[in-house]
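Q: There's a structure below that I have some questions on.
Here's what the structure looks like:
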């Protein structure tokens, strides 16, 4: 299985692909809002849908969130979004594990992000989540380095983030 889940980069894909959605997938504004609110929490408008009983935020995530609490952010909802994103990815990885046959492999294409000059190591946190639900981490391949935004570069300097391919195997 190969997939590229949304990156936690605040892009609301229901807005990005609005024209495509209204040409046969979405009939009403209400349906669009429902889709927006129920999508993976990779943007600040997505909302929690249900409680996740067996999720424990990885330590790497807690460290990043504590650092972000002390920074100026253009939107304070970014912290809640990041918490929700990794909770959602925990559920995604659990479902993928359930669907994989024994020794089956999954590849995730993901990108690290940065807020307020603080790097969020998305790939490292996802590796941890995958290991915690019973996937065996096999390899991390750097696909490319992505430059930071002009706003971040002006304030914090050039500091690219990694886009990578993560590979797990079902134990």
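In the numbering used here, the protein residues as written are 1 to 171. Virtual Cβ for every residue (Gly too), placed ideally from N, Cα, C. It should be emphasised that the depicted structure is a prediction, and the values quoted were computed from it without experimental measurement.
Nearest to residue 145 by CA position, among 139, 158, 42, 137, is which residue?
A: Minimum Cα distance to residue 145 is reached at 158.
Q: Is DSSP giving residue 53 helix, strand or coil here?
A: Looking at residue 53 - three-state DSSP - the assignment turns out to be coil, as it is neither helix nor strand.
Q: Quick check on the DSSP output: the beta strand (DSSP E) that includes residue 104 runs from which residue to which?
A: Per DSSP, residue 104 belongs to no beta strand (DSSP E) and is neither H nor E.
Q: Using 10 angstroms around the beta-carbon of residue 14, count the other beta-carbons present and answer buried if the total reaches 16, otherwise exposed.
A: Counting Cβ neighbours within 10 Å, residue 14 comes out buried, since at least 16 surround it.
Q: Provide the residue span of the beta strand (DSSP E) that contains residue 115, from first to last.
A: Residues 113-115.
Q: Going by Cα to Cα distance, which pick from 117, 71, 74, 55 is closest to residue 128?
A: Of the listed residues, the one whose Cα sits closest to residue 128 is 55.
Q: Which stretch, first to last residue, makes up the alpha helix (DSSP H) that contains residue 28?
A: Counting along the chain, residue 28 falls outside any alpha helix (DSSP H), and DSSP gives it neither H nor E.
Q: Exposed or buried, residue 149, counting other C-beta atoms within 10 Å across all chains shown (16 or more means buried)?
A: Exposed: under 16 other Cβ atoms inside 10 Å.
Q: Report the rounded CA-to-CA distance for residue 142 versus residue 168, giving the unit in angstroms.
A: About 15 Å.
Q: Please name the residue, chosen from 87, 61, 26, 20, that lies closest to residue 50 on a Cα-to-Cα basis.
A: The shortest C-alpha separation from residue 50 is found at 87.
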